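Residue numbers (this note's numbering), protein chains in the order written: chain A, 47 to 406; chain B, 11 to 255. Reviewing the structure listed below.
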C-alpha cells in the first residue's frame, strides 16, 4: 500500500451535515421538492401547535374565567386533576392509591437503572406480591374500609385494567400457545378453539357480554363485580392474541434445540422453561410489547360499559357545565399521557432486546 | 465377546410414511467398543443412532440399552437418555446460555447436582476439550470447531456411558475438523463406548473396532477396519469407498 492510499480520506461531500443532507434530502430534484414540501408542512403545523400548547396557554388560575388567552386552558386539567387521576375514589382513602402509585414508580425506576443487583426480586415483587398488596389496598379488607369498584376511575382504573391484563394474559397466552402445539389432540383442539373464539370477537362485544349478558346466565343473587367481569374479558382477549404471538416464536425454534434438550434428558416442562421459551419469547418481544400497547389503549373501551377510565373521566369532566368547551385540552392531555406510556413500553422493549442479545 | 453388552438392537424396523428407513437392523455393541457407521446420505445411518436415545421412535423390533428396553414408557426413555450422550452435526448448543451454563444445565436439572459442583465438573471437561478459556462466552462468539468441542463437553458432563456422534464434523470448515477429531480420539482412548456416523475414513481407520456400511436402511457390511478397506464384499460398499477415498 502506498502512503497516499493510507492517508486518503472520504470525499468531503460524503461526510458531515452537508454530506448527510445531500445524500438524504437533496439527492435528486424530486427529493428536493419533497423535502421543501415537507418543511412547509412542518412550518404550517408546528409553530401554531406549540403556541397553543405552551406559549399562548394559561397555566395558573382556578376557574374558566382565568382563561383569557388564545391558547390552551390547562387550568381545566389542573382543577380536575384529582378526578382524572383517582376517579371518584373517596378523598380520605386516596393515600391507598398513592402508596400503590409510589411502589409502582419506585419498582419501575429500579428496574430501569442498569446494573443494579436484585432486579429479579424486584421483578417478582412487581408481578406477584405487588398485585396482592393492591387488591387489599384498593378494595379494602384487613381493617381497611371497603371501596366499591364503581368509585374507581381515571388513570388509576386504566392502570388497574392494563396492569391486570398484562400480568395475567402473558402466562395464560404462553399456556395456550403450548397447548395449541401439544401432541395431545384434546389439549391442542381445546386451546385452538379457545384462541379462535376470543380472537374472532371484537373487544367491545366481549365487554358488552361481560357487562350485560353474563348476569343473565347467572343464578339470581349471584353477582360478580362489573369490573372483575371486564377484567376477565380483557385478560382472555389479550391472552388469545398473545398465544398466537408466542406460537410464532415457538415455531421459529430450530428442531435441534428440542433434540439437544431431549438428548440431555430434560423433561418436557424443563425443556420448555429452560431452553425453548427463553429463546422464543426473546424473538417475539417486539410483538408481545406491541400487544401490550394495544391492550393499554383498548382499555378505553370500558367506557361503554359504564366504567370511567382515564379517557372516560376526561370526557365526563368535559361535560361539567363549569368547564364546557374545553374538551380539546382534555383530549390533547389524554393523548399526551397515553403516548408517554406507550412510548415508554416501546423503548423498554428495545432495551430488553439489546440486553438479551447473545449474538445469535 | 465376553465383555458387557451396552446396546442391543434386534430386527429393528422404522418407516417414515411409506419409506422404509431402517430395515431389519441387528446390532450388538460391547462396552468400550467404537463403531463407525458410514454410507450414502439417506441410508438411515443417522436414524439408526437417533433411535438409540429415542429422538426417533422405532416401530418394530427391540432396542435394549444397558439392560433397559426402550418402550413408550417415559421412565425408560429418561433413564436411557441419562446414560447416552449425543453430539449433533449442527452442534445445537443453547445460544442463550454461556458455554459454562450449556455444560452445567443438564447436570443441575436432570442429575440434581449442586450448582457449584456442576460448574466445577463443567470446567473440568471444558479444560479437557481445551476451551476452558471460552467458558463465559456465548456460543455465537466461538468458532465452529470450538462450538463442537463445547457440545462434546456438554454431553460428557452428564458422564454418559455411551456417546453418539451424528456427523460431528460435517458442518465444520476443513481446518477445524482435526481439533474435533482429536478430542474424539482422546475420548476413544479413554475407553468410551462410541457410535460415530461420519465420513472421516482416517478417523475410522485409527479408532474404530468395527465399521458398518449402511445402504437403503440395511446394514450391508460390518467388519473391522483392515478388512473393511482391504476386502469389502458388497458391490455397494466398493462403489461407496471408491467415491469417498
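Backbone N, C-alpha and C define an ideal beta-carbon position, used for all residues, glycine too. Small disclaimer: the values here were computed from a predicted structure and weren't measured.
Rounded to the nearest angstrom, the gap between the Cα atoms of residue 47 of chain B and residue 28 of chain B is 24 Å. For residue 19 of chain B, the enclosing beta strand (DSSP E) has its first and last residue at 15–26.
Take the alpha-carbon of residue 96 of chain A and the one of residue 394 of chain A: they are about 28 Å apart.
Positions of the beta strand (DSSP E) runs, each at least 3 residues long and wholly inside the stretch 190–237 of chain B, are given as 203–207, 220–225, 228–233 in order along the chain.
For residue 194 of chain B, same chain residues with a beta-carbon under 8 Å away, outside a window of 5 residues either side, are 162, 175, 178, 204, 206, 213, 217 in chain order. In the three-state reduction of the DSSP assignment, residue 120 of chain A falls in the coil class.
Only 310, 311, 312, 313, 316, 320, 321, 324, 325, 328 from the stretch 310–344 of chain A bring a Cβ to less than 8 Å from some Cβ of chain B.
In this structure, the alpha-carbon of residue 109 of chain A lies about 35 Å from that of residue 180 of chain A.
When Cβ-Cβ separations below 9 Å define contact, residue 154 of chain B makes no contact with chain A.
Taking the CA atoms as reference points, residue 388 of chain A sits about 8 Å from residue 342 of chain A. Using a Cβ-Cβ distance cut-off of 8 Å, the stretch 285–297 of chain A and the stretch 206–222 of chain A are in contact, since at least three pairs of beta carbons, one from each stretch, lie closer than that value.
In terms of beta-carbon proximity, residue 297 of chain A stays away from the interface with chain B, with every pair separated by 9 Å or more. With at least 16 other beta carbons inside 10 angstroms of its own, residue 311 of chain A counts as buried. DSSP lists A:133 as the beta-bridge partner residues of residue 198 of chain A.
If you draw a straight line from the Cα of residue 25 of chain B to the Cα of residue 34 of chain B, it is about 11 Å long.
Contact annotation: in the stretch 94–114 of chain B, residues whose CB is within less than 7 Å of a CB in chain A are 96, 98, 100, 102, 104, 105, 106. Less than 9 Å divides the Cβ of residue 63 of chain B from the Cβ of residue 91 of chain B. A Cβ-Cβ separation of about 6 Å places residue 350 of chain A in contact with residue 250 of chain A under the 8 Å criterion. Chain-ordered listing is empty here: chain B has no CB closer than 8 Å to the CB of residue 364 of chain A, the nearest sitting near 50 Å. Contact annotation for residue 399 of chain A against chain B: no contact, minimum CB-CB distance about 13 Å [criterion: below 9 Å].
At a cut-off of 9 Å between beta-carbon atoms, residue 73 of chain A makes no contact with chain B.
Among the residues of the stretch 52–63 of chain B, those with a Cβ less than 7 Å away from any Cβ of chain A are 63, in the order of the chain. The stretch 142–224 of chain A is shown to contain whole alpha helix (DSSP H) runs of 4 or more residues at 165–170, 176–185, in chain order. Listed by position along chain A, the residues whose Cβ is nearer than 7 Å to that of residue 31 of chain B form an empty set, because the closest Cβ is around 17 Å away.
For residue 74 of chain B, the enclosing beta strand (DSSP E) begins and ends at 70–75. Against chain B, the CB of residue 395 of chain A has no partner CB under 9 Å away; the residue lies outside that interface.
By the criterion of a C-beta distance shorter than 8 Å, residue 121 of chain A is surrounded in its chain by 104, 105, 106, 107, 108, 109, 110, 112, 113, once the five residues flanking it on both sides are discounted. Interface with chain A (9 Å Cβ-Cβ cutoff): residue 88 of chain B is included. Here residue 207 of chain A is near residue 277 of chain A, since their CB atoms are less than 9 Å apart. The stretch 103–117 of chain B and the stretch 129–140 of chain B touch, with no fewer than 3 CB-CB distances between them shorter than 8 Å. Under the DSSP assignment, residue 175 of chain B falls in the beta strand (DSSP E) whose first and last residues are 172–176. For the stretch 280–308 of chain A, the beta-carbon criterion of a distance under 7 Å to any beta-carbon of chain B is satisfied by 302, 303, 305, 306, 308.
With fewer than 16 other Cβ atoms inside 10 Å of its own Cβ, residue 138 of chain A counts as exposed. When Cβ-Cβ separations below 9 Å define contact, residue 168 of chain B makes contact with chain A.
A straight line joining the alpha-carbon of residue 189 of chain A with that of residue 306 of chain A spans about 54 Å. The continuous alpha helix (DSSP H) containing residue 116 of chain B extends over residues 109–119.
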